[in-house]
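K.L.:
4 protein chains.
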Amino acid sequence: MTVSLADLNQMTLPAFAAAVGDTFELAPWVAEAAHAKRPFASVTALHLAMMAAVRQASHATQVAFLGKHPDLAGKAARAGAVTEESRHEQASVGLDTLSEEEFARFHRLNDAYTAKFGFPFIVCVRRHTRDSILQQFERRLPNDEAQEFATAVQEVFYITRLRIAAKVTGEGVPQVDGRLSTHVLDTHAGRPAPGVAIELYEFAGGRAQRIGSTVTNADGRTDQPLIAGRPLPNGRYELQFAVGDHFRSRGIAAAEPAFHDIVPLRFSIAEPEGHYHVPLLCTPWSYSTYRGS
Amino acid sequence: MTVSLADLNQMTLPAFAAAVGDTFELAPWVAEAAHAKRPFASVTALHLAMMAAVRQASHATQVAFLGKHPDLAGKAARAGAVTEESRHEQASVGLDTLSEEEFARFHRLNDAYTAKFGFPFIVCVRRHTRDSILQQFERRLPNDEAQEFATAVQEVFYITRLRIAAKVTGEGVPQVDGRLSTHVLDTHAGRPAPGVAIELYEFAGGRAQRIGSTVTNADGRTDQPLIAGRPLPNGRYELQFAVGDHFRSRGIAAAEPAFHDIVPLRFSIAEPEGHYHVPLLCTPWSYSTYRGS
Amino acid sequence: MTVSLADLNQMTLPAFAAAVGDTFELAPWVAEAAHAKRPFASVTALHLAMMAAVRQASHATQVAFLGKHPDLAGKAARAGAVTEESRHEQASVGLDTLSEEEFARFHRLNDAYTAKFGFPFIVCVRRHTRDSILQQFERRLPNDEAQEFATAVQEVFYITRLRIAAKVTGEGVPQVDGRLSTHVLDTHAGRPAPGVAIELYEFAGGRAQRIGSTVTNADGRTDQPLIAGRPLPNGRYELQFAVGDHFRSRGIAAAEPAFHDIVPLRFSIAEPEGHYHVPLLCTPWSYSTYRGS
Amino acid sequence: MTVSLADLNQMTLPAFAAAVGDTFELAPWVAEAAHAKRPFASVTALHLAMMAAVRQASHATQVAFLGKHPDLAGKAARAGAVTEESRHEQASVGLDTLSEEEFARFHRLNDAYTAKFGFPFIVCVRRHTRDSILQQFERRLPNDEAQEFATAVQEVFYITRLRIAAKVTGEGVPQVDGRLSTHVLDTHAGRPAPGVAIELYEFAGGRAQRIGSTVTNADGRTDQPLIAGRPLPNGRYELQFAVGDHFRSRGIAAAEPAFHDIVPLRFSIAEPEGHYHVPLLCTPWSYSTYRGS
Chain A
1 MTVSLADLNQ MTLPAFAAAV GDTFELAPWV AEAAHAKRPF ASVTALHLAM MAAVRQASHA
61 TQVAFLGKHP DLAGKAARAG AVTEESRHEQ ASVGLDTLSE EEFARFHRLN DAYTAKFGFP
121 FIVCVRRHTR DSILQQFERR LPNDEAQEFA TAVQEVFYIT RLRIAAKVTG EGVPQVDGRL
181 STHVLDTHAG RPAPGVAIEL YEFAGGRAQR IGSTVTNADG RTDQPLIAGR PLPNGRYELQ
241 FAVGDHFRSR GIAAAEPAFH DIVPLRFSIA EPEGHYHVPL LCTPWSYSTY RGS
Chain B
1001 MTVSLADLNQ MTLPAFAAAV GDTFELAPWV AEAAHAKRPF ASVTALHLAM MAAVRQASHA
1061 TQVAFLGKHP DLAGKAARAG AVTEESRHEQ ASVGLDTLSE EEFARFHRLN DAYTAKFGFP
1121 FIVCVRRHTR DSILQQFERR LPNDEAQEFA TAVQEVFYIT RLRIAAKVTG EGVPQVDGRL
1181 STHVLDTHAG RPAPGVAIEL YEFAGGRAQR IGSTVTNADG RTDQPLIAGR PLPNGRYELQ
1241 FAVGDHFRSR GIAAAEPAFH DIVPLRFSIA EPEGHYHVPL LCTPWSYSTY RGS
Chain C
2001 MTVSLADLNQ MTLPAFAAAV GDTFELAPWV AEAAHAKRPF ASVTALHLAM MAAVRQASHA
2061 TQVAFLGKHP DLAGKAARAG AVTEESRHEQ ASVGLDTLSE EEFARFHRLN DAYTAKFGFP
2121 FIVCVRRHTR DSILQQFERR LPNDEAQEFA TAVQEVFYIT RLRIAAKVTG EGVPQVDGRL
2181 STHVLDTHAG RPAPGVAIEL YEFAGGRAQR IGSTVTNADG RTDQPLIAGR PLPNGRYELQ
2241 FAVGDHFRSR GIAAAEPAFH DIVPLRFSIA EPEGHYHVPL LCTPWSYSTY RGS
Chain D
3001 MTVSLADLNQ MTLPAFAAAV GDTFELAPWV AEAAHAKRPF ASVTALHLAM MAAVRQASHA
3061 TQVAFLGKHP DLAGKAARAG AVTEESRHEQ ASVGLDTLSE EEFARFHRLN DAYTAKFGFP
3121 FIVCVRRHTR DSILQQFERR LPNDEAQEFA TAVQEVFYIT RLRIAAKVTG EGVPQVDGRL
3181 STHVLDTHAG RPAPGVAIEL YEFAGGRAQR IGSTVTNADG RTDQPLIAGR PLPNGRYELQ
3241 FAVGDHFRSR GIAAAEPAFH DIVPLRFSIA EPEGHYHVPL LCTPWSYSTY RGS
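Residue numbers (our numbering), protein chains in the order written: chain A, 1 to 293; chain B, 1001 to 1293; chain C, 2001 to 2293; chain D, 3001 to 3293.
#1: So, does the CB of P192/A fall closer than 7 Å to a CB anywhere in chain C?
#2: If Q2136/C and V2123/C are in contact, beta carbons under 8 Å, what's the gap, nearest whole angstrom?
#3: Relative to the C-alpha of S2092/C, which candidate in A2253/C, D2219/C, P2231/C and L2109/C has its C-alpha closest?
#4: Applying a beta-carbon distance threshold of less than 9 Å, which residues of chain B neighbour D3223/D?
#5: Please report the straight-line C-alpha distance between L3141/D and F3117/D, rounded to a whole angstrom.
#6: If we define contact as Cβ-Cβ less than 7 Å, is L3180/D a contact residue for chain B?
#7: What residues from the region 2241–2267 of chain C come within 9 Å of chain G, judged by C-beta to C-beta, listed N to C?
#8: Along the region 1277–1291 of chain B, where does the CB come closer than 7 Å to a CB of chain A? Name the residues.
#9: I want to see whether chain B comes within less than 7 Å of S3042/D, judged by CB atoms only; does it?
#10: Provide the residue span of the beta strand (DSSP E) that contains R1236/B, from first to last.
#11: Give, in chain order, every unbroken run of the alpha helix (DSSP H) that is at least 4 residues long and sits entirely within the region 3042–3114 of chain D.
#12: Taking three-plus beta-carbon pairs below 8 Å as touching, is the region 193–206 of chain A in contact with the region 147–154 of chain A?
#13: Cβ closer than 9 Å: which chain D residues qualify as neighbours of R2236/C?
#14: Anything in chain D within Cβ reach of H188/A, meaning under 7 Å, just list it in chain order.
#15: Rounded C-beta distance between A258/A and P279/A? I'm assuming under 8 Å.
#16: Bridge partners for D2186/C per DSSP, in chain order?
#17: Counting only beta-carbon atoms, is S3132/D nearer than 7 Å to chain B?
#18: How long is the line joining the alpha carbons of V30/A and L13/A, rounded to whole angstroms?
#19: From H2260/C to D1186/B, what distance separates their C-alpha atoms?
#20: Name the residue from Y2201/C, Y2158/C, V2043/C and D2223/C whose alpha carbon lies nearest to the alpha carbon of D2007/C.
#21: Measuring straight from C-alpha to C-alpha, what distance separates L2005/C and E2089/C?
#22: Compare the C-beta of D3219/D with all C-beta atoms of chain B and state if any pair is closer than 7 Å.
#23: Taking all protein chains shown into account, decide if G3292/D is buried (16 or more other Cβ within 10 angstroms of its Cβ) or exposed.
#24: Kindly indicate if chain C contains any beta-carbon less than 7 Å away from that of A3270/D.
#25: If you drop the 5 nearest sequence neighbours on each side, which residues of the same chain put their C-beta closer than 6 Å to that of L1134/B?
#26: Please classify I3227/D: does DSSP put it in a helix, a strand, or coil?
#27: My output table needs one value for Q2154/C: the three-state DSSP class, helix, strand or coil.
#28: CA-CA distance, R3163/D and E3085/D?
#29: Distance check for A15/A and R179/A, CA to CA, integer angstroms please.
#30: Let's see if you can read the secondary structure: which residues bound the beta strand (DSSP E) around Q3135/D?
#31: For L46/A, collect the residues of the same chain with a Cβ closer than 6 Å to its Cβ; drop the 5 residues on either side in sequence, then sort them by chain order.
#32: Going along chain C, which residues have a C-beta under 9 Å from L185/A?
#33: Please work out which residues of its chain come closer than 7 Å, Cβ to Cβ, to T2083/C, disregarding the five sequence neighbours upstream and downstream, and give them in chain order.
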């Protein structure tokens, strides 16, 4: 259910609150404060006004607000006592299907975090893989309170920016999507390599899990980006290209087995809203890659 | 126990047979025939004389000779009824530690092979990985008898060439060893990359098994080749280079996580006696490799 | 003065001839034959109909037609007795400003050619550099008559296709333009390199002549292709990139003088209607290029 | 005429002075001071002892010593009133064959330099090309006196280190030679490229002058380094590789003309005593280079 910025700019407070009130986890006062600032010239301006309400609240209010966020992978999510958005976001990264052991580990980290800071660990899960969420936990737990308070608010910024961008249409929707693309050049032939099978893996717990597969088109690119229309989850990835099949299909019998058969390109994503272009230049006997544009 | 070519050239038949008679599996007549051709100008000439005896024998003798080779991973090897060389060679590739399931699979393939050709499947295991032996089985089983007979004799050539090269010292020892080497160039700094941790994996049954690890020296090379002093086993490999640690040690904080952290270079070996030089040129944002020299 | 295909399809013969009659050098019968085939579904179809008239004419008519083409760089061009199109095309490649010595050389080659084949040397100059025209002369002079007749007609095809594409608007204009583009990636920084000065040289008579210069934009590309809107002249080229200035502007003092300061990429163009993408990947200590897409 | 360190360590002062006295331009007191420090454990120690004498002399003595160095390309060199070493060194870089105009330019710069600092411009010409000497002049002229005094003494260090290394044999001869090498890998074939013609150019006055040519051997390297047995002159260079001929010889007809025919690699040398390895990896459609080791 989306709503247009133009309509929002006209709404009474109850309608406005009904439309965007659950953007900020159990904090109707955020929408109230934003409502007073109408009209907004852009969706980004609406989001910044809501964030301004958070940043200008008293420390006690802020801590109470942070405290209402659900435990990541916690009991609340299991029992359903969270907003629909929270539940959906946590499922997207696999936090709803943790093993008992993983659940226990998350729970233990979260308890330590909550005990230290007085509010639960908050992270924008859509910008992360399971591995990088765990790394965030380990990295952020030693922070001092001021650092961590700022980090938690910044994560609220990311979480709510995504919610607003998904819900409100109109001018100036914030840029929340990244893009992962590739291109296969056959520098033995001096041409793009068509028909090359590509698999995309994400590293999770030391293991590579296949999260997608595609084939290059006539220009050596893929018809659709490998990942698009969402933030690129921070994490480690590997692209695997079946270049041996490509060269065999060109009738080039380099050796048996082929020197390069499946070429893996391993890389990490650290800018979820960025464009990662990871091309492959290859011959039967060499290959190279680089972060392109 | 090695013996010099000079000594062999002087030996009586019994001494000669005792020294090199077990090179050819349960075929003392091969050494006898070779003994008559003394003296040999090179170790290679000795080996070729022995092979000539095999090639000039009657077909019945040849088939009987091939038939005396032990089943690969077979009952004979388990019961100890093979030459010491055979047992050692089969152990080197892990054929002595097959699971029951793998043992059954090898056994089944070998039975089909023996039923079809009248002699067991012969392959120079020192030139192969477990994976490539299995591929050989699958590739060779459909051969016709003439092709497969020629292939079996060629494998005897490889097996016995290794045995002779290990046993006989002197002039003209045949070249039986390959070499796998690498070199890490940091093209961000324009210098070799020292201290880079490298791991070498062999693919076996779809899984990568670590078979070695090392660290680059001041020239970006390794003090010892990654594999040397033996044939390079035909198979699929992956080198993994910890370039993220290298750049972090240079104080270059490219991103978090680093775009390239562990760089995998995947390649196959098809020439066991060849030199494979697999260098890595890298920056924090790009890398390339090629078959060098 | 352009004319639309729709209008041509409606025209009487005199109007049609006035509009496109001089496309084929002094051969009004070509337009006449084409006029009878109206209407045309595409500009390409119009051109092919005109070429069909040439190809279906008697050999004597064809030879007479070829014979009416001006000597390349010949007396006719100097005296003005050629079509405006011919004069303009020959000027575009510098044939109107030959030195006396070059003029004599062209004249000598052309006399030998005409003596051998009975018609002057015909080449679509817009698809060539001065150097490649001279190479064409040397390569084609030893041809036999059948080969050369076919080559001359093919060149008439190229010449007239360009004239038709320039003159007639509408559906299905033939693709006559090529494109030369570049892209500078700084793989030291993992980003496109903006602000890099680029010069383009054409080799003529063993010397490199600068024919253009530009600067990369924020994406490391150039706002306009290096060559576009015309066939890419067959010939040898060099791009020179001021990468030393780029790295100095980033504060990277690699050495004095910089290991790579001006990077030259030398390449040839053999497909005038093709897309040549010639990118540069560079660090202060390395660079690479490839034919991209 | 060389002399051994062992002999020098035994010599009386007159013999010692006769043997190495002219190492330091018209400064017999340097050899005298060094003679008192015998014996030397290494040739480097001998040279450092001589330099210590220079560094410990009074400022007036030092300035007088620097003042006795000949004008670079000056009248003295023409008239023969300099040491044989000086004359030979200046000839090696072409300073004895300057045009009248170049002679005038050098003379003018040298007059300005001498007027400002009270001693002539001193540079170790063996470590430079003509172009870089001119650049040194322009760069050093604005220096203040202390900077320039230190620079002049450092150049004396380089000049005399070369003289000592050429004259004295024995233990610990200082490392004064650099090395320029290359390697051509054909990554289309996965092999070194043999028989590739290579030309080496030095940029002088904006023009590239050919200073050497060679051909790759079976390993894709050159039998001799491109430059060795001397310091590498600081300057700008270009290697040109005839890769088009190489691929044509392999029967690969990529296009006409070949996309890459002559590949130029342009680079600068800034460390005269360094090893510059400048390899070429190429296919008919791509190439790359890097500073190797």
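Ideal Cβ placement from N, Cα and C applies to all residues, glycine included.
P.N.:
Reading from the atomic positions:
#1: Stepping through the first sequence from its first residue, residue 192/A is reached at position 192. It does; some Cβ of chain C falls within 7 Å.
#2: Stepping through the third sequence from its first residue, residue 2136/C is reached at position 136. Stepping through the third sequence from its first residue, residue 2123/C is reached at position 123. The Cβ separation is near 5 Å, so the contact holds.
#3: Within the third sequence, residue 2092/C is the residue found at index 92, counting from 1. Closest option to S2092/C, Cα to Cα, is P2231/C.
#4: Here residue 3223/D refers to the residue found at position 223 when the fourth sequence is read from its first residue. Neighbours of D3223/D on chain B: none; closest Cβ ~15 Å, over 9 Å.
#5: Here residue 3141/D refers to the residue found at position 141 when the fourth sequence is read from its first residue. Here residue 3117/D refers to the residue found at position 117 when the fourth sequence is read from its first residue. Those two C-alpha atoms are separated by around 9 Å.
#6: Here residue 3180/D is taken as the residue at index 180 of the fourth sequence, counted from 1. No, no contact with chain B.
#7: Checking the listed chains, one finds no chain G in this structure; the protein chains it contains are A, B, C and D.
#8: W1285, S1286, Y1287, S1288, T1289, Y1290 and R1291
#9: Numbered from 1 along the fourth sequence, position 42 holds the residue referred to as residue 3042/D. Answer no: the Cβ-Cβ gap between S3042/D and chain B never drops below 7 Å.
#10: For the purposes of this step, residue 1236/B is taken as residue 236 along the second sequence, with counting starting at 1. Residues G1235 to A1242.
#11: 3043–3056, 3059–3067, 3075–3079 and 3084–3092
#12: no
#13: Within the third sequence, residue 2236/C is the residue found at index 236, counting from 1. What R2236/C touches in chain D: P3257, D3261 and I3262.
#14: On the first sequence, residue 188/A is found 188 positions in, with the first residue counted as 1. By Cβ distance, chain D contributes H3188 and T3283.
#15: Here residue 258/A refers to the residue found at position 258 of the first sequence. Here residue 279/A refers to the residue found at position 279 of the first sequence. Their Cβ separation, rounded to whole angstroms, is 21 Å, which puts A258/A and P279/A out of contact at 8 Å.
#16: On the third sequence, position 186 is the one that residue 2186/C refers to. R2191/C and C2282/C, per the DSSP bridge assignment.
#17: Taking the fourth sequence and counting its residues from 1, the one referred to as residue 3132/D is at position 132. Closer than 7 Å: no.
#18: Position 30 of the first sequence holds residue 30/A. Position 13 of the first sequence holds residue 13/A. For V30/A and L13/A, the distance between alpha carbons rounds to 12 Å.
#19: Taking the first residue of the third sequence as position 1, residue 2260/C is located at position 260. Taking the first residue of the second sequence as position 1, residue 1186/B is located at position 186. Roughly 16 Å between the two C-alpha positions.
#20: By one-based count along the third sequence, residue 2007/C stands at place 7. D2007/C has its Cα closest to that of V2043/C, out of Y2201/C, Y2158/C, V2043/C and D2223/C.
#21: Within the third sequence, residue 2005/C is the residue found at index 5, counting from 1. Within the third sequence, residue 2089/C is the residue found at index 89, counting from 1. About 24 Å.
#22: For the purposes of this step, residue 3219/D is identified with residue 219 of the fourth sequence, where counting begins at 1. D3219/D counts as touching chain B.
#23: For this step, residue 3292/D is matched to residue 292 along the fourth sequence. Its Cβ being crowded by 16 or more others within 10 Å, G3292/D is buried.
#24: Looking up residue 3270/D in the fourth sequence gives position 270. Yes, its Cβ sits closer than 7 Å to a Cβ of chain C.
#25: Start at 1 with the first residue of the second sequence, and residue 1134/B comes out as number 134. Excluding sequence neighbours, L1134/B sits near nothing in its chain.
#26: For the purposes of this step, residue 3227/D is taken as residue 227 along the fourth sequence, with counting starting at 1. Note: I3227/D maps to strand in three-state DSSP.
#27: Locating residue 2154/C in the third sequence gives position 154, where the first residue counts as 1. Reduced to three states, the DSSP call for Q2154/C is helix.
#28: Start at 1 with the first residue of the fourth sequence, and residue 3163/D comes out as number 163. Start at 1 with the first residue of the fourth sequence, and residue 3085/D comes out as number 85. For R3163/D and E3085/D, the distance between alpha carbons rounds to 8 Å.
#29: The residue labelled residue 179/A in the question sits at position 179 within the first sequence. The residue labelled residue 15/A in the question sits at position 15 within the first sequence. Their backbone Cα atoms lie some 35 Å apart in a straight line.
#30: Taking the first residue of the fourth sequence as position 1, residue 3135/D is located at position 135. That residue, Q3135/D, is in no beta strand (DSSP E); its alpha helix (DSSP H) goes R3130 to R3140.
#31: Stepping through the first sequence from its first residue, residue 46/A is reached at position 46. Here the set comprises F40.
#32: Residue mapping note: residue 185/A aligns to position 185 of the first sequence, counting from 1. Result: Y2290, R2291, G2292 and S2293.
#33: Sequence index remark: in the third sequence, residue 2083/C carries index 83 (1-based). Same-chain partners within the cutoff: D2022 and E2025.
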